[in-house]
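As structure tokens, the structure follows; a few thoughts come after it.
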Amino acid sequence: MEITNIAVLAPLIVVSLLLTVVAIVDLIRRPETNGPKVVWALVILFLSTIGPILYFIFGRRDV
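Going left to right, the sequence shown walks through residues 1 to 63 as full-length UniProt numbering numbers them.
Next up, the structure:
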């Protein structure tokens with residue numbers, strides 16, 4: 001892998017991991033969600049970057 005590829009991929013990987021961590025922490029702290037928390041945890045973890053985005057759009061319930 002060339003150095004230019006790493007320079008492009010590294011920030012994307014960091015953003016993806018950061019989104020996942022923030023979504024999981026929010027899921028744990030939030031008392032209620034739209035749907036079971038276990039399902040949202042699986043969506044966040046297994047759908048990589050799109051999972052946390054889906055959680056933030058559809059999964060959070062305003063308290």
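Glycine included, C-beta positions come from ideal geometry on N, C-alpha and C.
Handout entry: N- and C-terminal bounds of the alpha helix (DSSP H) containing leucine 42
Key = By 1-based counting over the sequence shown, the position of residue 42 is 42. Note, leucine 42: alpha helix (DSSP H), 37-46.
Problem - For threonine 49, three-class secondary structure by DSSP - result: The residue you call residue 49 lines up with position 49 of the sequence shown. In the structure shown, threonine 49 sits in coil (DSSP, three-state: anything other than H, G, I, E or B).
Problem - Alpha carbon of arginine 60 to alpha carbon of glutamate 2, nearest angstrom - result: What you label residue 60 is simply residue 60 of the sequence shown in a count that begins at 1. What you label residue 2 is simply residue 2 of the sequence shown in a count that begins at 1. Each residue's alpha carbon lies about 40 Å from the other.
Exercise for the section: Would you be able to state if there are at least three C-beta pairs under 8 Å between the region 9-29 and the region 51-60? Expected result: yes
Practice task
Look at the alpha carbon of leucine 47 and the alpha carbon of tryptophan 40, and state the distance between them as a whole number of angstroms.
Solution key: Indexing the sequence shown from 1 puts residue 47 at position 47. Indexing the sequence shown from 1 puts residue 40 at position 40. Those two C-alpha atoms are separated by around 10 Å.
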